[in-house]
Amino acid sequence: PKLVYDFAEGNKEMLELLGGKGANLAEMTNLGLPVPPGFTITAEACRAYLATGSVPPELADEIDHHVDALQQRMGKKLGQADDPLLVSVRSGAAVSMPGMMETVLNVGLNDDSVNGLAHQSGNPRFAWDAYRRLVQMFGKTVLDMDGDIFEDAIEAAKAAKGTRNDLDLDADDLKALVDTFKKAVHDATGREFPQDPRTQMDLAIEAVFRSWNADRAVLYRRQERIPTDLGTAVNICSMVFGNLGMDSGTGVAFTRDPATGQSGVYGDYLQNAQGEDVVAGIRNTVPLADLEQLDKTSYDDLMAIMAKLEGHYRDLCDIEFTVERGKLWMLQTRVGKRTAAAAFRIATSLVDEGVIDTDEALKRVKGAQLAQLMFPRFDADADKERITKAIGASPGAATGKVVFTSAGAVEAAEKGEKVILVRRETNPDDLHGMIAAQGILTSRGGKTSHAAVVARGMGKTCVCGAEELDVNVAQGLIKVNGTVIEAGQTISIDGTTGEVFKGEVPVVPSPVVQYFEGSLAPDAGDELVASVHRLITHADEVRRLGVRTNADTADDAARARRFGAAGIGLCRTEHMFLGERRESVERLILADNDAEREAALAELEPLQRDDFLELLAAMDGLPVTIRLIDPPLHEFLPSMEELAVKVALARERGQEPGHDAALLTAVERLHEENPMLGLRGVRLGLVIPGLFAMQVRAIASAAVELKRQGKDPRPEIMIPLVGAVQELHLARDEVEAVLAEVGVEWSIPIGTMIELPRAAVIADQIAEAADFFSFGTNDLTQTTWGFSRDDVEGAFFSRYLEKGIFAVSPFESIDREGVGALVRTGAERGRATKPDLKLGICGEHGGDPDSIQFFHEVGLDYVSCSPFRIPVARLEAGRSAL
Ligand code: ADP
Ligand code: MG
Ligand code: MG
2 PKLVYDFAEG NKEMLELLGG KGANLAEMTN LGLPVPPGFT ITAEACRAYL
52 ATGSVPPELA DEIDHHVDAL QQRMGKKLGQ ADDPLLVSVR SGAAVSMPGM
102 METVLNVGLN DDSVNGLAHQ SGNPRFAWDA YRRLVQMFGK TVLDMDGDIF
152 EDAIEAAKAA KGTRNDLDLD ADDLKALVDT FKKAVHDATG REFPQDPRTQ
202 MDLAIEAVFR SWNADRAVLY RRQERIPTDL GTAVNICSMV FGNLGMDSGT
252 GVAFTRDPAT GQSGVYGDYL QNAQGEDVVA GIRNTVPLAD LEQLDKTSYD
302 DLMAIMAKLE GHYRDLCDIE FTVERGKLWM LQTRVGKRTA AAAFRIATSL
352 VDEGVIDTDE ALKRVKGAQL AQLMFPRFDA DADKERITKA IGASPGAATG
402 KVVFTSAGAV EAAEKGEKVI LVRRETNPDD LHGMIAAQGI LTSRGGKTSH
452 AAVVARGMGK TCVCGAEELD VNVAQGLIKV NGTVIEAGQT ISIDGTTGEV
502 FKGEVPVVPS PVVQYFEGSL APDAGDELVA SVHRLITHAD EVRRLGVRTN
552 ADTADDAARA RRFGAAGIGL CRTEHMFLGE RRESVERLIL ADNDAEREAA
602 LAELEPLQRD DFLELLAAMD GLPVTIRLID PPLHEFLPSM EELAVKVALA
652 RERGQEPGHD AALLTAVERL HEENPMLGLR GVRLGLVIPG LFAMQVRAIA
702 SAAVELKRQG KDPRPEIMIP LVGAVQELHL ARDEVEAVLA EVGVEWSIPI
752 GTMIELPRAA VIADQIAEAA DFFSFGTNDL TQTTWGFSRD DVEGAFFSRY
802 LEKGIFAVSP FESIDREGVG ALVRTGAERG RATKPDLKLG ICGEHGGDPD
852 SIQFFHEVGL DYVSCSPFRI PVARLEAGRS AL
């Protein structure tokens, strides 16, 4: 296959082959925008390199060929002594991983061509600065040297000069630095810094390939659920220079505000700077709008190009550009990352602007983003001590103890503490700490700084550019306007307003939640709420999947109803046996004759009936699927160890343990090695006479009572953990007998949960005795994988995630291949017997966006999830239908 493409040969659809950066450089080239010429080595070449450990043999020739063409076009040769062609070697995968991989700038400089560049540009300082950057980046990236070696040398040079500003280092200082750097390279590697430009380039290409598997890139992919085997493309791009003087510079821009979605000009610009300087937050940038004063022509060109790009991509774009002596160059663009709020606002704005239709708008927002918008906010009316206000870079309300290092953040998080990572600026090595922290606060850098970009990508709260903060990592304290904050003290940061507060600030429900609760009207003036309203309404119009809730109390049911639930998909009845009712349950379990057992059941029945009265009333007119008791009995009894100790102590004191001794005997009798696989679910109902009947009587009599009051109760009775159709027949007979006895004159559906692999496989038989199925995917995941969630999640899941056995925990997102296949089988076989069999899912997967897509695909009728996830499920159900 062809391994190298000129920028003019590609386009934006070739993402997988050319990576995002390469595909979009090609697209811009073909749009006629000013992109420095260059070419892209495909991700396929990278995959081959990673598989074999060496570059594919035919690659060198193809690169030669493209280098020749580039030299011809530019009228100079790579590293030519009197006027060198310089290039950057840039990583760029199909999925954007900001700052995770490597780029080497100024490739082609050496001891000779640096003089040519100095002469040619008339600016020796610039030439030596470019050279020291090359040696530095090459050392770090290609030779794996510690970056501090170089940083420390720069700091030392500045200190010797009595300055803190890079720009005060002159040509001689930089020349001396290059010598120091080259010596450091020799000390660290035993080899000279390579002088041959083509060698520099080849080594840099391999280093970019390797950077795909750098620790931080691996970690980022795991965090963002990006596949591990994509590989990265490599872009060779002729250099343009933003560091030629004050008439040059480099910047980052967005076609809309990536934090709020508002239209307008957003970005950061830095005069006399190259590439990384902007994102690294090394010097403080100026707002992009200031470029208009500094260089009107470039500014106007940039505005025109930004408008063109937005029109072309029909979405928010982010852009890297450089101005070289008054001439604008485009170095990168892509459809930009944005906050959840911006995603919603941009989507509906684009509809209003006639750029996209509402279907497309709905596709562009995600359930996970809606979930983020439902997080609480700081209470505006609370007393709070504001210590500074900076840039709100990634929204959210985060509170935690101050930590200054990523290692500190990780350590604290492992102890279950909430922390805010406070740094001057972050770099890609801080990823661990950023993941562990509740929020990130930096004193430098703008909305495009590393901290801001990565935090937005992760949906993590971030305030950046808090210049009033004097962050002293070494001493572990922050000074701000006379206040001192030490490590371990609590602060709160508001990623929307950019405010930082001392102490913990109380929170209130977000406007989006208020909207779903019905206490904030969609047209009350909150634009985000208006966007959410429009898109969720559209989702409701297009979706086929119903959305129910998992709820066992009237309060939860009422909330879920306000949030748009079309009924209850799972009411667990076991909590109804806890608390004060435990004693009756104990008596039930201890009963050794029918009379005692019936007496205990008779105590429980009216209590259960009241529970159902409330629940069915709260969901009046909507279906309520009530699962008969499921968990093993020991869950209702005291712990065996504690009881044994109590009994032994009593005997020691010469007392008669009486009741405790009887209880202990019962507990011992009921003890199970694997309660998850023991006497529970339908087995319990069949073994303890009268238990299911009592529950059904409570349900039926509550329903009859509500009917009498003119209400419309719609209970559905669900039998858990069925593995054989005989179990369901027996349970069903008992349920039907009770319904008849209570005098229910309409038909109450009786169904079952499919949560054992056997049940899924024989679903055709089970369907004969069931009016509906509900897939219990929590248990089905446990029983399919053969592990018990409580025991394994903490024990080894993190190792499994690291080893790539799971991309994500199968309890979080449905395992499509295994558990999912059983769901599909169960649905197909069940419907083969009963074409109109109602199918639902009530595991936690019912609220997971990816899983919802899957349940739509396999043709289920509804998903059921916790009340708070209902809006997310409605939105995702709508997106699935498009
Ligand atoms: P990243 O993916 O981390 O942004 P890039 O490959 O985009 O890495 O490059 C890092 C920085 O160097 C960016 O600011 C980019 O604009 C700049 N840069 C890359 N190539 C060139 C070039 N040919 N000329 C000038 N600046 C460049
Ligand atoms: Mg870039
Ligand atoms: Mg279950």
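FYI, the numbering for the sequence shown is 2 to 883, going by full-length UniProt numbering.
Virtual Cβ for every residue (Gly too), placed ideally from N, Cα, C.
These figures come from a predicted structure and were not determined experimentally.
Distance from Arg549 to Gly526 at the Cβ level is roughly 32 Å; contact not present, criterion being Cβ atoms closer than 8 Å. Residue environment for Leu529: buried (at least 16 other C-beta atoms within 10 angstroms of its C-beta). Relative to ligand 1, Thr104 has its C-beta within less than 6 Å of a heavy atom. In the structure shown, the three-state DSSP call for Pro195 is coil. Membership of Lys297 in the alpha helix (DSSP H) is indicated by the continuous run Lys297 to Tyr314. Secondary structure at Ala177: helix, using DSSP grouped into helix, strand and coil. Sorting Ala566, Pro658, Glu706 and Gly655 by C-alpha distance to the C-alpha of Glu615 places Glu706 at the top. In this structure, Arg560 lies near Pro868, with their beta-carbon atoms less than 7 Å apart.
Runs of the alpha helix (DSSP H) lying entirely within the segment 528–597 and spanning at least 4 residues, in chain order: 528–543, 555–563 and 583–591. Taking 7 Å as the cut-off, the Cβ atoms of Pro259 and Arg339 count as close. Remark: fewer than three beta-carbon pairs, one from each stretch, lie closer than 8 Å, so the segment 480–490 and the segment 347–367 are not flagged as touching. Here the segment 164–183 does not lie against the segment 84–93, with fewer than 3 beta-carbon pairs under 8 Å apart. Pro850 counts as buried, since at least 16 other C-beta atoms from the protein chains shown sit within 10 angstroms of its C-beta.
Burial state of Asn594 is exposed, judged by a 10 Å Cβ sphere holding fewer than 16 other Cβ atoms.
Setting aside the 5 residues that flank it on each side, Tyr516 is surrounded in the same chain by Pro523, Val530, Val533 and His534, each with a C-beta closer than 7 Å to its C-beta; the list follows chain order.
According to DSSP, residue pairing for Ser865 in a beta bridge involves Arg549.
Residues of the same chain with a CB within less than 6 Å of the CB of Arg830, apart from the 5 flanking positions on each side, are Ala764 and Asp765 in chain order. Between ligand 2 and the CB of Glu321, the shortest heavy atom gap is smaller than 6 Å. According to DSSP, residue pairing for Leu271 in a beta bridge involves Thr251. Val683 has its CB no nearer than 6 Å to any heavy atom of ligand 1.
For Thr484, the enclosing beta strand (DSSP E) stretches over residues Thr484 to Glu487. When the Cα atoms are used, Arg223 and Gly711 turn out to be separated by approximately 55 Å. Of the heavy atoms belonging to ligand 1, at least one sits nearer than 6 Å to the Cβ of Pro37. In the same chain as Ile755, and ignoring 5 residues on each side of it, the C-beta atoms closer than 6 Å to its own belong to Ala761, Phe774, Phe776 and Gly827, in chain order. By the neighbour-count criterion, in which 16 or more other beta carbons inside 10 Å mark a residue as buried, Arg870 falls on the buried side. Of the heavy atoms belonging to ligand 2, at least one sits nearer than 6 Å to the Cβ of Gln333.
Contact between Val356 and Arg315 holds: their C-beta atoms lie close to 5 Å from each other, under 8 Å.
Comparing alpha carbon positions, the residue from Thr554, Gly580 and Asp319 closest to Ser97 is Asp319. Rounded to whole angstroms, the Cβ separation of Val820 and Pro811 is 7 Å, and the two are in contact under 8 Å. CA-to-CA, the gap between Leu110 and Leu271 works out to about 24 Å.
Across the structure, Gly466 and Lys390 are spaced so that their CA atoms are roughly 9 Å apart.
Residue pairing of Leu86 in beta bridges, as defined by DSSP: Leu79. Listed as beta-bridge partners of Val108 by DSSP are Val88. For Ala456, the closest C-alpha among the options Gly434, Ala475 and Glu468 is that of Gly434. Under the 10 Å beta carbon count, Met247 is surrounded by fewer than 16 other beta carbons and is classified as exposed.
Nearest Cα to Glu14 within the set Asp130, Leu546 and Ala24: Ala24.
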